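Note that our numbering has the sequence shown beginning at 2, numbered continuously upward.
For every residue, glycine included, the Cβ atom is placed at its ideal position computed from N, Cα and C.
Because the structure is a prediction, the values reported are computed rather than measured.
To start, the structure under review is shown below, and the notes come after it.
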Amino acid sequence: MSKIALIGAGNVSSHLASIFTKKGHTITEIYSRKLQNAAALASSFAGVVPTDRLDFSESKAEFFLVSVTDNALENVLNQLVTLPNAIIAHTSGSHPLSIIPQSTQAGIFYPLQTFSKSKEVNFEQIPICLEANNKHNLLLMRQLASSISHHIYEFDSEERQILHLAAVFSCNFSNFLFTISKHILEKNKKEIPFDILKPLISETLEKAFEISPENAQTGPAKRADTAIIGKHLALLDTLFTQNKAINKREENWKKIYDLLTKQIIRFYTK
Ligand SMILES: NC(=O)c1ccc[n+]([C@@H]2O[C@H](COP(=O)([O-])OP(=O)(O)OC[C@H]3O[C@@H](n4cnc5c(N)ncnc54)[C@H](OP(=O)(O)O)[C@@H]3O)[C@@H](O)[C@H]2O)c1
């Protein structure tokens, strides 16, 4: 069993703290730039020391998993002080291994999943993408990752960036389209619950994996049905665009419909 320090007290660190503890590892410290955030997370686990300092020269941790906001990562890594044998690994999809200062034992521990503190996940099913600066460190990281997931992959930094880009389209953009759908339903005279879309969204996901997303496409854009498309664009105008002062956030949703529709038509035009 390993000793692990978690750098960051956000979504990813919260889930890592739970799963590593559940699997019998020891979380030694949790760092946050705000001590109260580190303390809030550490309080759920026995014996974890919360800290707002990045000097870990006294720490017994063998792994430092760095899960901070991407634009703070480089700065945090540059300030992090550990013993020379400890492995420092970050969890970012798009930052390369080389962001970790040389002369340290460096790795990547990228869990390909969307994490929010309030939603539990089944870690065993989550792909964990590893990279390390040498074979020995890769082996150690593989042992650690295998203790929490059945799906371990090795990708270099270039490949992981491709993976992250695909993940943004699949997860973040799809989720934003769900958000638009929910707001459209709320515009109805009698609010329609978002839950009504659950069977449709579930079937969309299932079908994409069963027959491939290209083969699964349906709808007015796939059929190039300009009459229906015109009606939808007009309805979006009525629902959101006409009252710009109130609906600042929604004023481009018609453009999103239009752009995606044109892209679908182009994709399926022989
Ligand atoms: N969430 C996901 O779905 C997901 C999935 C895979 C990988 N990742 C990657 O994992 C990493 C962490 O993501 P997350 O979702 O856990 O982020 P998060 O919930 O936003 O947590 C970010 C952590 O970074 C700290 N932080 C923010 N700005 C900072 C600064 N300027 N200096 C020092 N610390 C700072 C925050 O500290 P405070 O508590 O003080 O605000 C917090 O502890 C990112 O590299 C992300 O790309 C995320």
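Helix, strand or coil at residue i [DSSP, three-state]
i: Lys256; result: helix
i: Ala39; result: helix
i: Val13; result: helix
i: Asp56; result: strand
i: Thr180; result: helix
i: Gly220; result: coil
i: Gly48; result: coil
i: Glu204; result: helix
i: Gln106; result: strand
i: Glu132; result: strand
i: Glu155; result: strand
Euclidean distance between Cα positions of residue i and residue j
i: Ile100; j: Leu78; result: 8 Å
i: Thr227; j: Pro221; result: 8 Å
i: Ile88; j: Leu66; result: 8 Å
i: Gln114; j: Gln218; result: 24 Å
i: Ser148; j: Asn173; result: 28 Å
i: Gly25; j: Glu204; result: 37 Å
i: Ser3; j: Cys130; result: 19 Å
beta-carbon residue i near ligand 1 non-hydrogen atom, thresh 6 Å
i: Lys35; result: yes
i: Ala73; result: yes
i: Ala10; result: yes
i: Asn176; result: no
i: Val82; result: no
i: Asn38; result: yes
i: Val13; result: yes
i: Val49; result: no
i: Thr270; result: no
i: Val69; result: yes
Residue i classed as buried or exposed, judged by whether at least 16 other C-beta atoms fall within 10 angstroms
i: Phe21; result: buried
i: Tyr1; result: Residue 1 lies beyond the range of the chain shown here (2 to 271); nothing can be said about it.
i: Ser14; result: buried
i: Asn123; result: exposed
i: Arg161; result: buried
i: Thr239; result: exposed
i: Asn138; result: buried
Ligand 2 heavy atom lying under 6 Å from the CB of residue i
i: Lys120; result: Among the ligands modelled here, namely ligand 1, ligand 2 does not occur.
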